[in-house]
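Visitor: According to the numbering used here, the stretch in the sequence shown is residues 12 to 365, in order.
Where a beta carbon is used, it is the ideal one built from N, C-alpha and C, also for glycine.
Just so we're clear, the structure is a prediction, and the values are computed from it rather than from any experiment.
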Amino acid sequence: MCEPVDCDVSFSLNQIADGDILCYQKRCSLDQHRHPNVSSFFEYVHNRQVVHFRLLEKPKQDDFSLELSKRSTYDDVVEKVAQHLGMDDPSKLRLTQHIPHLQQPKHQYIKYRSIDHLSDMLLLRNPNQMSDILYYEILDIPLPELQGLITLRVAFHQATPNEVLFHIIRLPKGSTYSDLIDDLKSKVQLSRSDAELRLFQVNNNKIWKVYLPTEKIDAVHDPNVPLHVEEIPEVEKSAGPRDRLVHVVHFFKDNQHIQYYGVPFFFLIREGEALSDIKVRIQKKFEVPDEQFLKWKFAYVAYNRPDYLQDSDIVLSRFQQKNIYGPWEQSLGLEHSDMPTKRANQNRHSFEKP
């Protein structure tokens with residue numbers, strides 16, 4: 012605490028006792044110095060905080076440091092960061108808090124003006140502890156405008172070659188998956204102009220959910236988990252009444268347990284089709300050399316247990332004999348240690364993390 016002293020009265024009237032510290036200064040105008048008097052200087056010393064800023068894309072290394080005040084407002088902080096970065100518009104900055112025990116950024120960013128002061132941005136769950144790290148992103152549109160949009164990361168599976176391209180798509184809240192399809196079609200190369208697209212969610216390297224075009228996009232969809240989109244092959248449109256579209260997964264054995272990996276996919280199996288015929292089509296789909304493909308094993312997988320198939324097996328008979336709740340609990344499994352799918356660089360139409 013720092014209080015002014017009335018120089019015209021005694022020490023006792025000023026309540027000054029042994030051990031008290033007296034500070035003095037020369038008179039100066041208020042506009043000459045950042046901290047023109049003793050009280051403002053000690054307030055600065057008490058609240059000053061060096062903050063280390065890291066680019067969110069490079070979360071392991073400090074980019075720069077700024078000396079700020081714990082009482083700085085949200086606007087003060089982004090303005091100082093913008094000045095340091097040479098930005099004209101501080102609203103195009105987005106900040107994310109730090110998790111010390113994990114040494115990584117929080118999953119959710121700081122919403123525009125949602126936290127009042129720097130001290131609250133740095134405060135940890137334990138009120139007696141504070142971090143000194145913040146992550147920043149430079150956006151291409153102002154943060155308030157971005158928060159009014161749904162941002163989705165889309166993994167588009169090209170028909171040929173077997174390649175996955177990533178896109179960031181922004182849509183107004185309330186949009187449907189049909190709106191997403193229309194937007195994506197303007198950004199990707201389709202095998203034919205009238206191609207239909209299928210949207211699905213992958214969880215733990217298995218197909219978890221297929222979205223209907225008429226469904227509304229969930230506003231709380233995790234933007235870091237991509238939506239998978241692929242062309243619906245023409246062969247599916249000629250499917251017979253007893254043909255079946257199955258889920259196919261990639262896996263390998265690890266201490267007698269199977270581990271899924273890679274991107275699962277849909278595959279049409281014909282009524283009465285033997286594994287030997289299916290293998291020919293799978294090999295062609297992934298363009299796997301003969302010598303390498305000989306090492307692949309095929310299995311009917313239910314509840315994470317593989318039942319290996321022989322070339323003469325009629326594959327759909329395995330699926331039809333099982334009465335399992337949830338279509339994702341039965342799959343055609345491909346056991347192999349190599350992954351044929353090519354992963355392309357992400358096409359950044361905007362910053363990745365919304």
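Can you grab the Cα-Cα spacing for the pair residue 31 / residue 25, in whole Å?
Guide: 11 Å
Visitor: Touching or not, the stretch 80-89 and the stretch 124-138, by the rule of three or more beta carbon pairs under 8 Å?
Guide: yes
Visitor: Report the rounded CA-to-CA distance for residue 255 versus residue 265, giving the unit in angstroms.
Guide: 30 Å
Visitor: Based on the DSSP secondary-structure assignment, which residues constitute the bridge partners of residue 167?
Guide: 176 and 240
Visitor: Hey, how far is the Cα of residue 2 from the Cα of residue 278?
Guide: Lying before the first or after the last residue shown, residue 2 is absent from the chain, which here runs from 12 to 365.
Visitor: Which first and last residues belong to the beta strand (DSSP E) in which residue 11 is found?
Guide: The structure shown does not extend to residue 11, since the chain is modelled only from 12 to 365, so the question has no answer here.
Visitor: Answer with buried or exposed for residue 163, where buried requires no fewer than 16 other C-beta atoms within 10 angstroms of its C-beta.
Guide: buried
Visitor: Below 8 Å, how does it come out for the stretch 269-278 and the stretch 213-227: are there three or more Cβ pairs, yes or no?
Guide: Three or more beta-carbon pairs separated by less than 8 Å link the stretch 269-278 to the stretch 213-227, which places the two stretches in contact.
Visitor: If you follow the beta strand (DSSP E) that residue 214 is part of, which residue opens it and which one closes it?
Guide: It spans 208-214 - the beta strand (DSSP E) in which residue 214 sits, taken as one unbroken run.
Visitor: In the DSSP assignment, find the beta strand (DSSP E) that holds residue 64 and state where it starts and stops.
Guide: 59-66
Visitor: By DSSP, does residue 217 sit in helix, in strand, or in coil?
Guide: strand
Visitor: Rounded to the nearest angstrom, how far is the Cβ of residue 145 from that of residue 64, given a contact under 8 Å?
Guide: Sure, about 6 Å apart at Cβ, within 8 Å.
Visitor: Is the beta carbon of residue 96 less than 8 Å from the beta carbon of residue 129?
Guide: no
Visitor: Okay, do the stretch 194-205 and the stretch 303-314 touch, 3+ Cβ pairs below 8 Å being the bar?
Guide: no
Visitor: Given this structure, state the Cα-to-Cα distance separating residue 76 from residue 345, to the nearest angstrom.
Guide: 50 Å
Visitor: Is residue 150 helix, strand or coil by DSSP?
Guide: coil
Visitor: Alpha carbon to alpha carbon, how far is residue 188 from residue 334? Give it in angstroms, no decimals.
Guide: For residue 334, the predicted structure reports a pLDDT of 49, less than 50, and the residue's modelled location is therefore unreliable. The matter cannot be settled from this model.
Visitor: Given a threshold of 16 other Cβ atoms within 10 Å of its Cβ, counted over all protein chains shown, does residue 140 qualify as buried or as exposed?
Guide: Its Cβ having fewer than 16 others within 10 Å, residue 140 is exposed.
Visitor: At which residues does the alpha helix (DSSP H) containing residue 245 begin and terminate?
Guide: 245-248
Visitor: What number of angstroms, rounded off, separates the C-alpha of residue 185 from the C-alpha of residue 227?
Guide: 6 Å
Visitor: What does a CB cutoff of less than 6 Å around residue 206 pick up in its chain, not counting 5 residues either side in sequence?
Guide: 242
Visitor: Enumerate in chain order the residues of its own chain whose CB-to-CB distance from residue 213 is below 7 Å, with the five nearest sequence positions on each side excluded.
Guide: 219, 239, 274 and 275
Visitor: Which residues in the same chain as residue 284 place their Cβ atom closer than 8 Å to its Cβ, once the five residues preceding and following it in sequence are excluded?
Guide: 325, 326 and 327
Visitor: To the nearest angstrom, report how far apart residue 280 and residue 176 are at their CA atoms.
Guide: 27 Å
Visitor: Please report the straight-line C-alpha distance between residue 182 and residue 54, rounded to a whole angstrom.
Guide: 46 Å
Visitor: How many whole angstroms separate the CB atoms of residue 297 and residue 343, which I take to be in contact at a CB cut-off of 8 Å?
Guide: With 8 Å as the limit, residue 297 and residue 343 do not qualify as a contact, their Cβ atoms being about 14 Å apart.
Visitor: Could you tell me the distance, in whole angstroms, from the CA atom of residue 35 to the CA atom of residue 23?
Guide: 19 Å
Visitor: Can you tell me where the beta strand (DSSP E) with residue 259 in it begins and where it stops?
Guide: 255-265
Visitor: By how many angstroms is the C-alpha of residue 229 removed from the C-alpha of residue 370?
Guide: Because the chain here runs from 12 to 365, residue 370 falls outside it and cannot be looked at.
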